[in-house]
Every structure is written in structure tokens, then in C-alpha cells.
Amino acid sequence: MQLTRISNDEITVDISALGAEMQAVSTRDGRSWLWHGDAAYWTGRSPVLFPMVGRAPNDTVTIEGARYQMSQHGFARRSAFTLVEEESNRCVYRLDASEASLSLYPFSFRLDIEHKVEGRAVTVTAEVTNLDHRLMPYGIGFHPAFAWPLPGGAGRPHLVVLDNGGEPALHRLSGGLVEPTPLPSPFEAGWLELRHELFAADAMLFPEGAGAGLRYGPEDGPAIHFTWENLPNLALWTKPGAGFLCLEPWHGTAAEAGGTDDLAERPYAELLGPGATGRYSFRAELVG
Numbered sequence: 026m027q028l029t030r031i032s033n034d035e036i037t038v039d040i041s042a043l044g045a046e047m048q049a050v051s052t053r054d055g056r057s058w059l060w061h062g063d064a065a066y067w068t069g070r071s072p073v074l075f076p077m078v079g080r081a082p083n084d085t086v087t088i089e090g091a092r093y094q095m096s097q098h099g100f101a102r103r104s105a106f107t108l109v110e111e112e113s114n115r116c117v118y119r120l121d122a123s124e125a126s127l128s129l130y131p132f133s134f135r136l137d138i139e140h141k142v143e144g145r146a147v148t149v150t151a152e153v154t155n156l157d158h159r160l161m162p163y164g165i166g167f168h169p170a171f172a173w174p175l176p177g178g179a180g181r182p183h184l185v186v187l188d189n190g191g192e193p194a195l196h197r198l199s200g201g202l203v204e205p206t207p208l209p210s211p212f213e214a215g216w217l218e219l220r221h222e223l224f225a226a227d228a229m230l231f232p233e234g235a236g237a238g239l240r241y242g243p244e245d246g247p248a249i250h251f252t253w254e255n256l257p258n259l260a261l262w263t264k265p266g267a268g269f270l271c272l273e274p275w276h277g278t279a280a281e282a283g284g285t286d287d288l289a290e291r292p293y294a295e296l297l298g299p300g301a302t303g304r305y306s307f308r309a310e311l312v313g
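Just so we're aligned: the sequence shown equals residues 26 to 313 in our numbering.
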């Protein structure tokens, strides 16, 4: 599969045409900040989630009264994108609706994923365009997996500290579906010390109240300042014992346990009008 490298004097980023997914992020000193995709735990590195985030009941969604098979996180992450723009510090990969996608998701759409490096930061932007004649429901999200511990941070506790100092309610998954009953927040004044046992029950979901930015890393040491736009939901995830932490901003979540399988009625689903474009992004700045 085609691989595109973008870089500047500070960082280098590799992106695959498969899923328009980042494969590596490294600084000029040779340190690697992104998970390496060890198949013993999880082969993903930074998948783009579209046209659905999370799971659907029985892996089936209803759209305009018809039912369609759709696996977890949608089909974009397993689709071949086309490179449509390339510069030394940025590239854009595109996925257009096809005969194969229409059998799973009956809309004409365009999904552009831009990766851009500036200084010690990489920004990933998704633009979804509705090329159909009717309202288009979907969910979209990012799933980057950063090293845990970060390079140079071994042996030190890692924290997630919310920029807004919030204590958002926690939701858990049951069979991959969101339990609607909120649980007490694991954050205290925006601070959460990470421990692998926090993920024994799968991901931690914060559908609202996590703000639009956080700092991930040891209190005193290498860190990532991670911010996002037009993505109201946040999840944190790892497989206990693995060497990564996923920072996942979303617009849309998995279906609720006991809820509907209608894609348009999922929590935080986007409903995009004909000819309209939705824009979503995250920025990861490497510190230290």
C-alpha cells in the first residue's frame, strides 16, 4: 500500500493510503511517538472512523428504513484512499463513494483527510461532503494511538489533564454499545492518573464535558498537547498491558445498549444537508 511521508525540520509523519492512516510520527532526534501496531495487541495506529463510530447492534444499521451490515467504526479505515495533494509538509487523501460503499452506506459522499506538520505538531483534518440529494447521517472520529510511556517518559506515571479542568461523567460499553447511565468521573479537577486497570472494562467514554484539549504525559517530562475541533465526544482506550494510549475525539458514539439501530438516531450523529461539508480536526503538539 502506498505510503506518503511529510516532514519539516522538527518532525516526520508517514501516512498510508489504506484508511489514510498515520503509520509513524517521529521527531528529529529519532524518537517515535506513535504506537507501532503490534499485532499481539492491536494493529491499528491512527484509524479514521467513518461513517460510524463504535458498534451497531448486531453490526447492523438502519438507514431510511433499510438495513445494512456495518462493522465497528465503519468502512473508511479499511478502504483504499487516493492521494490527491502532496507537498513537503502536507498531503490529502480522498475516499469517494463507490459501488462497494453504496452497498453498505447508500449515499454519495466525499471524505478528504489532510495531514499537515507545523513546528512540532501534526494536524489531521477530515472534510465530509454530502454529494447526495438528501440529508446524510453519519458519525466520524479519530483514533490515534500514542506511545505509553512516551519516549523519554519510562518509569514515570502518565496523566491526562483536561484543559478545561472538568470532571466529565464516565460511560462504559456493554457488548460494544454505550451504557446510557453515567458513572462518576475518574477526573479530579481535570486530572487523571493513568493505570492499565482503568481499561479492564474496555474504553472510557466521556460523551460531553471533556472540552476541546488535554495534555498527555508525565507531570514533568515529554508530553503531547492534544486539541480537537467540532468533535464533542472523547474516549480513552488501551488494551491492558499494551504500550499505547488512544486519544479519541468523536462526533457520534456507538449505539446505546437497548437503543435504536437507526444511524440517524445514534447519540451525537451528524445530519449533513445536500451539498454541505462538515469539517473536523485534531492537533497533536509534541512537547519535550
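Glycine included, each C-beta is placed from N, C-alpha and C at the ideal position.
Query: Limits of the beta strand (DSSP E) - the one that E139 falls within; Result: F134 to E143
Query: Neighbour-count burial assignment, A146, 16 or more Cβ in a 10 Å radius; Result: buried
Query: Cα-Cα separation, H221 to L270; Result: 10 Å
Query: Outcome for E192 when other beta-carbon atoms lying within 10 angstroms are tallied against a minimum of 16; Result: buried
Query: H140 beta carbon less than 8 Å from that of I31; Result: yes
Query: Cβ neighbour criterion (16 or more within 10 Å) applied to H276; Result: buried
Query: Strand pairing of R115, partner residues [DSSP]; Result: K141
Query: Spatially closest choice to S199 from R80, W58 and S41, by CA coordinates; Result: R80
Query: Coil, strand or helix - G128 by DSSP; Result: With the sequence shown as reference, residue 128 is identified as Ser, and Gly is not the correct amino acid for it. In the structure shown, S128 sits in coil (DSSP, three-state: anything other than H, G, I, E or B).
Query: S126 vs F100 beta-carbon contact at 8 Å; Result: yes
Query: Min CB distance S133 to chain D below 8 Å; Result: Note that chain D does not occur in the displayed structure, where there is just one protein chain.
Query: Coil, strand or helix - D84 by DSSP; Result: helix
Query: Three-state secondary structure assigned by DSSP to H221; Result: helix
Query: Closest by C-alpha distance to W173, when choosing among S104, V185, L129 and F167; Result: V185
Query: Assumed close pair T302, V153 - CB separation to whole angstroms, cut-off 8 Å; Result: 7 Å
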